[in-house]
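This report concerns only the one structure given below.
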Amino acid sequence: MRHLMSPLDFTTSELDKLFDLASEIEKNPKKFSNTCNGKILATCFYEPSTRTRLSFESAMYHLGGNVLGFSDAASSSASKGESVSDTIRMISCYADICAIRHPKEGAPVVASNKSSIPVINAGDGGHQHPTQTLTDLLTIRSMKGRLENFTIGLCGDLKFGRTVHSLINALIRYPGIQFIFISPEELKIPDYIREDVLDKNKISYKEFVRLEDCMEDLDLLYMTRVQRERFFNEEEYIRLKDFYILDKNKMALAKEDMLVLHPLPRVNEISVEVDDDPRAVYFKQVQYGVYVRMALILTLLELI
Ligand code: NCD
Numbered sequence: 001m002r003h004l005m006s007p008l009d010f011t012t013s014e015l016d017k018l019f020d021l022a023s024e025i026e027k028n029p030k031k032f033s034n035t036c037n038g039k040i041l042a043t044c045f046y047e048p049s050t051r052t053r054l055s056f057e058s059a060m061y062h063l064g065g066n067v068l069g070f071s072d073a074a075s076s077s078a079s080k081g082e083s084v085s086d087t088i089r090m091i092s093c094y095a096d097i098c099a100i101r102h103p104k105e106g107a108p109v110v111a112s113n114k115s116s117i118p119v120i121n122a123g124d125g126g127h128q129h130p131t132q133t134l135t136d137l138l139t140i141r142s143m144k145g146r147l148e149n150f151t152i153g154l155c156g157d158l159k160f161g162r163t164v165h166s167l168i169n170a171l172i173r174y175p176g177i178q179f180i181f182i183s184p185e186e187l188k189i190p191d192y193i194r195e196d197v198l199d200k201n202k203i204s205y206k207e208f209v210r211l212e213d214c215m216e217d218l219d220l221l222y223m224t225r226v227q228r229e230r231f232f233n234e235e236e237y238i239r240l241k242d243f244y245i246l247d248k249n250k251m252a253l254a255k256e257d258m259l260v261l262h263p264l265p266r267v268n269e270i271s272v273e274v275d276d277d278p279r280a281v282y283f284k285q286v287q288y289g290v291y292v293r294m295a296l297i298l299t300l301l302e303l304i
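Its first residue numbered 1, the sequence shown is counted upward by one per residue in the working numbering.
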């Protein structure tokens, strides 16, 4: 039995297979509409989410399966003091596969150790968000036709943004990726990513504070929101929240085929005037998120 805790749980060739399957689903969704008949997905969300939870639910319904779960800790037995280990043992009796989101880093791993069904990490604190990474990779592969040889700018909250941490982890395995990190001083990538992921693998990178200073070099721009819920100090959040606002003027500096990605939700960091730019693919990304989660559920349930 397999779980998905980090994007590195799959080799790059396993990821290729998963993305091939997602692309097949995109082309012919009807072919898969009964593949999960009689199967149940549990979504255990101890932290707010709209996109990720609904994306999982949509994926399971499109496969012909059913869904149960809870969408915040207050409405689950966690509020009575039940441990994640106990909850997953119970969920294992109710469902065939489980997606779990938790504010504590490592909670999905604890759950997977006690689970008799496949567990998917749907985001743990500021740590990892592997299914968002699968979504990002599938979007890039589908829209650029490759996952190697490009310059990617990651912009915004690189300190607390788990989608950024997961994506860096996943991308270092592909050749010819140049990283450009764009953040205010206070929100730079954490030391553990710098040392254990980048330096250890001899991956070079550049850092900028101003987006305008590197825009023209980028093939991809991955924008992120400032992660308010992970700040200790509201004043600091207010000071930093509008540090970056991607608008038409900044887009005019970019390559004609540069793509803008964003895991969403967007707050102010991308002006709505950019939404109509053909290079803005963050809403297409949402659709790819459903296809890749469908492919993941089929793979972990060994139905393919
Ligand atoms: C991201 C997350 O939860 O980390 N959202 C998502 O799952 N698409 C990004 C965010 O909340 O900023």
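In this text, a Cβ means the ideal position worked out from N, Cα and C, and glycines have one as well.
Suppose you measure from the CA of Phe45 to the CA of His102; what does that come to, to the nearest Å?
6 Å
How close, in whole Å, do the beta carbons of Leu138 and Val292 come, if the pair is a contact with beta carbons under 8 Å?
5 Å
Exposure of Cys155, with buried meaning 16 or more beta-carbon neighbours within 10 Å
buried
Considering only heavy atoms of ligand 1, does any lie closer than 7 Å to the CB of Arg225?
yes
Is the beta carbon of Ser49 within less than 7 Å of some heavy atom of ligand 1?
yes
C-alpha distance - Lys200 paired with Leu18, whole-angstrom precision:
If you draw a straight line from the Cα of Lys200 to the Cα of Leu18, it is about 28 Å long.
Is it right to say Tyr94 is buried, meaning 16 or more other beta carbons lie within 10 angstroms of its own, or is it exposed?
exposed
Within its chain, find whatever has a CB closer than 6 Å to the CB of Gln132; leave out the 5 residues flanking it on each side and keep chain order.
If the five residues before and after Gln132 are omitted, its C-beta is found closer than 6 Å to the C-beta atoms of Thr163, Pro263, all from its own chain and listed in chain order.
Suppose the cutoff is 8 Å on Cβ atoms and the five residues either side in sequence are ignored; what does the same chain contact list for Leu261 look like?
For Leu261, same chain residues with a beta-carbon under 8 Å away, outside a window of 5 residues either side, are Asp136, Thr139, Ile140, Leu220, Leu221, Tyr222, Met223, Val281, Tyr282, Gln285 in chain order.
Checking 8 Å against the spacing of the C-beta atoms, do Ser111 and Val67 come in under that value?
The question names Ser, but residue 111 in the sequence shown is Ala. No.
Residue of Leu4, Phe179, Gly69, Arg146 minimising C-alpha distance to Gln128
Leu4
Going by the DSSP bridge assignment, what does Met223 pair with across the sheet?
Cys155
At which residues does the beta strand (DSSP E) containing Asp124 begin and terminate?
119-124
Any heavy atom of ligand 1 closer than 7 Å to the CB of Gly123?
yes
Whether Leu218 touches Lys255 by CB criterion (8 Å):
yes
Could you give the first and the last residue of the continuous beta strand (DSSP E) run that contains Val67?
It spans 66-70 - the beta strand (DSSP E) in which Val67 sits, taken as one unbroken run.
Short of 6 Å in beta carbon distance, which residues of its chain neighbour Ala142, apart from the five on each side in sequence? Order them along the chain.
Note that residue 142 is Ser in the sequence shown, not Ala. Correct list: empty, nothing qualifies.
Where DSSP assigns a beta bridge to Ile177, which residues make up the other side?
Phe150
Indicate, with yes or no, if ligand 1 has a heavy atom lying under 7 Å from the CB of Glu129.
Here residue 129 turns out to be His, not Glu, going by the sequence shown. Yes, the Cβ of His129 comes within 7 Å of a heavy atom of ligand 1.
Tell whether a beta-carbon distance below 8 Å holds between Cys98 and Ser71.
no
What residue range does the alpha helix (DSSP H) around Val274 cover?
Run containing Val274: none; DSSP gives neither H nor E here.
From this set, Pro184, Ser79, Glu82, Ser33, which residue's C-alpha is nearest Glu207's C-alpha?
The shortest Cα separation from Glu207 among Pro184, Ser79, Glu82, Ser33 belongs to Pro184.
Alpha carbon to alpha carbon, how far is Phe232 from Lys159?
13 Å
What residue range is occupied by the uninterrupted beta strand (DSSP E) comprising Glu185?
From DSSP, Glu185 is part of no beta strand (DSSP E); its letter is neither H nor E.
DSSP bridge partner residues for Thr43 (one or two, in chain order):
DSSP output for Thr43 lists Gly69, Ala99 as bridge partner(s).
Does the distance between the C-beta of Pro7 and the nearest non-hydrogen atom of ligand 1 fall short of 7 Å?
Incorrect: Pro7 has no Cβ contact closer than 7 Å to ligand 1.
Simplified DSSP state of Asn241, which is helix, strand or coil:
The question names Asn, but residue 241 in the sequence shown is Lys. Correct three-state label for Lys241: coil.
Where does Asn37 land, buried or exposed, given buried means 16+ other C-beta within 10 angstroms?
exposed
Classify Met215: buried if its beta carbon has 16 or more other beta carbons within 10 angstroms, exposed otherwise.
buried
To the nearest whole angstrom, what separates the beta carbons of Lys104 and Asp124, a pair I think is in contact under 8 Å?
The C-beta separation of Lys104 from Asp124 comes to about 7 Å, placing the pair in contact by the 8 Å criterion.
Whole angstroms are fine: how far does the CA of Ala295 sit from the CA of Arg230?
31 Å
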